[in-house]
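Peer 1: Each number in our numbering comes from the position in the sequence shown (counting from 1) with 282 added on.
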Amino acid sequence: MSLLKDKVALITGGSRGIGEAIVRRYVEEGAAVAFTYVSSSERAEKICEELNANGAKVKAYKSDASSYDEAEALVKSVLEDFGKVDVLINNAGITRDTLLMRMSEEQWDQVITVNLKSVFNLTKHMLRPMLKNRSGSIINMSSVVGVFGNAGQANYAASKAGIFGFTKSMAKEVGSRSIRCNAIAPGFIETDMTDELDEETKKAFLSGIPLKRLGKGTEVADACVFLGSDMSQYISGQVLSVCGALNC
Ligand code: NAP
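1) Go ahead and pull the three-state DSSP assignment for Arg-378.
2) Taking the runs of the beta strand (DSSP E) that are 3 residues or longer, which of them lie wholly in the region 366–410?
3) From Leu-409 to Asp-477, what distance separates their C-alpha atoms?
4) Indicate, with yes or no, if the ligand ATP has a heavy atom lying under 7 angstroms from the CB of Ile-445.
5) Under the three-state reduction of DSSP, which class applies to Val-524: helix, strand or coil?
6) Do Thr-449 and Gly-519 come within 8 angstroms of each other at the CB atom, strictly closer than that value?
7) Could you check if Met-423 belongs to the surroundings of the ligand NAP, using beta carbon to heavy atom distance under 7 angstroms?
8) Helix or strand or just coil, what does DSSP make of Tyr-308?
9) Closest by CA to Met-283, which one among Tyr-308, Gly-434, Ser-322?
10) To which residues does DSSP link Pro-468 through a beta bridge?
11) For Phe-402, which option in Lys-414, Asp-363, Gly-444 has the closest C-alpha, if you only look at C-alpha atoms?
12) What residue does the beta strand (DSSP E) around Tyr-343 start on, and which one ends it?
13) Would you say the region 450–464 touches the region 356–366, given that touching needs at least three Cβ pairs under 8 angstroms?
14) Less than 7 angstroms between the CB of Phe-430 and some heavy atom of the ligand NAP, yes or no?
15) Considering only their Cβ atoms, is the gap separating Asp-368 from Ser-425 smaller than 8 angstroms?
16) Could you check how far apart the C-beta atoms of Ile-329 and Glu-302 are, in whole angstroms? I think they sit under 8 angstroms.
17) Measuring from the CB of Met-408, is there a heavy atom of the ligand NAP at a distance below 7 angstroms?
18) When the distance is taken between beta carbons, is Val-396 closer than 8 angstroms to Ala-467?
19) Start and end of the beta strand (DSSP E) containing Tyr-319?
20) Measure the C-alpha to C-alpha separation of Ala-486 and Thr-500 and round it to an integer number of angstroms.
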């Protein structure tokens, strides 16, 4: 299939996990892809080598999404290299889990800055070129934890809930220029991030998932293909959960 033929996507945090799955699915659907990482240089280069050897156009950029200035420089470089960006996927995210009683100011700030301020940074710098093109799809990676909360994740839940308000506001601000903005709320997806959880927490999560299994990165990527493609042209300001009916 080529649902994303002739489209260019910029994906933050594409070196591992859900982001890597999105990079691969976007390439399968015919998109040219720019993606970012902060520390996984070798892995990012390997992904590019593999995909480019098969005829894709993929480039990795080392860029900290939590930095306003780095986001500005990134958008400039990607536009120089690719000519345009049709789909922006704000996927980069981290956890610093602990109960609020033990949470440091640094743990709070890191999570809010990487998970939420990054969405502002990238969207802010991407908006002008998208407005000029009078088209674009922005997809923000939130979480079901932003809807329901989770003990030990007050910082993470606040960052992900903030994404909902941002997404809906953007949809209203730029809808008249045919720019769409949606959020995805994954449930419990198998990646390095969820690998860090202890067995007991994993078991507790699993027992609450009606589909009785963890999700896969590719399943979140499929939702990103839909929201980035012309199949969702009248869908904006929405939150799409990819969670196996967890907590619904
Ligand atoms: P992951 O496996 O830990 O991968 C995180 C990715 O983000 C990596 O590519 C990492 O780059 C990148 N990254 C981290 N900090 C960054 C920064 N400051 N600037 C740019 N890139 C940065 O995480 P994941 O599980 O795939 O999660 C991806 C997104 O989905 C996150 O927003 C997460 O909150 C959300 N989510 C995940 C789950 C789940 O169950 N896994 C559930 C709900 C929502 P490096 O490789 O260079 O470190």
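All C-beta atoms, glycine included, are put in the ideal place defined by N, C-alpha and C.
Peer 2: According to the data block:
1) For the purposes of this step, residue 378 is taken as the residue at position 96 of the sequence shown. It is coil, neither helix nor strand.
2) 369–372
3) Position 127 of the sequence shown, counting from 1, holds the residue named residue 409. Position 195 of the sequence shown, counting from 1, holds the residue named residue 477. Between Leu-409 and Asp-477, the C-alpha separation is close to 35 angstroms.
4) Ligands in the displayed structure: the ligand NAP; the ligand ATP is not one of them.
5) As a position in the sequence shown, residue 524 is number 242, starting the count at 1. Strand at Val-524.
6) Numbered from 1 along the sequence shown, position 237 holds the residue referred to as residue 519. Numbered from 1 along the sequence shown, position 167 holds the residue referred to as residue 449. Yes, Cβ-Cβ distance for Gly-519 and Thr-449 is below 8 angstroms.
7) On the sequence shown, position 141 is the one that residue 423 refers to. Met-423 Cβ: within cutoff of the ligand NAP.
8) Numbered from 1 along the sequence shown, position 26 holds the residue referred to as residue 308. Residue state, collapsed to three classes: helix.
9) Counting from one through the sequence shown, the residue named residue 283 turns up at place 1. Selected option, being the one with the closest Cα: Tyr-308.
10) As a first step, residue 468 must be located in the sequence shown, where it is residue number 186. Paired residue(s): Val-524.
11) Residue 402 sits at position 120 when you count from the first residue of the sequence shown. Of Lys-414, Asp-363, Gly-444, the residue nearest in Cα terms is Gly-444.
12) As a working mapping, residue 343 is identified with position 61 in the sequence shown. It spans 340–344 - the beta strand (DSSP E) in which Tyr-343 sits, taken as one unbroken run.
13) no
14) Mapped onto the sequence shown, residue 430 falls at position 148. Because no heavy atom of the ligand NAP lies under 7 angstroms away, the Cβ of Phe-430 does not count as near it: no.
15) Reading the sequence shown from its first residue, position 143 is the one you call residue 425. Reading the sequence shown from its first residue, position 86 is the one you call residue 368. Contact: no.
16) Here residue 329 refers to the residue found at position 47 when the sequence shown is read from its first residue. Here residue 302 refers to the residue found at position 20 when the sequence shown is read from its first residue. Between Glu-302 and Ile-329 the Cβ distance is about 6 angstroms, and since that is below 8 angstroms, they are a contact.
17) Taking the first residue of the sequence shown as 1, we reach residue 408 at position 126. Outside the cutoff, so no.
18) The sequence position of residue 467 within the sequence shown is 185, counting from 1. The sequence position of residue 396 within the sequence shown is 114, counting from 1. Against a cut-off of 8 angstroms, the Cβ pair of Val-396 and Ala-467 comes out as no contact.
19) As a working mapping, residue 319 is identified with position 37 in the sequence shown. Counting along the chain, the beta strand (DSSP E) containing Tyr-319 begins and ends at 314–319.
20) Here residue 486 corresponds to residue number 204 of the sequence shown, with the count starting at 1. Here residue 500 corresponds to residue number 218 of the sequence shown, with the count starting at 1. Approximately 23 angstroms between the Cα atoms of the pair.
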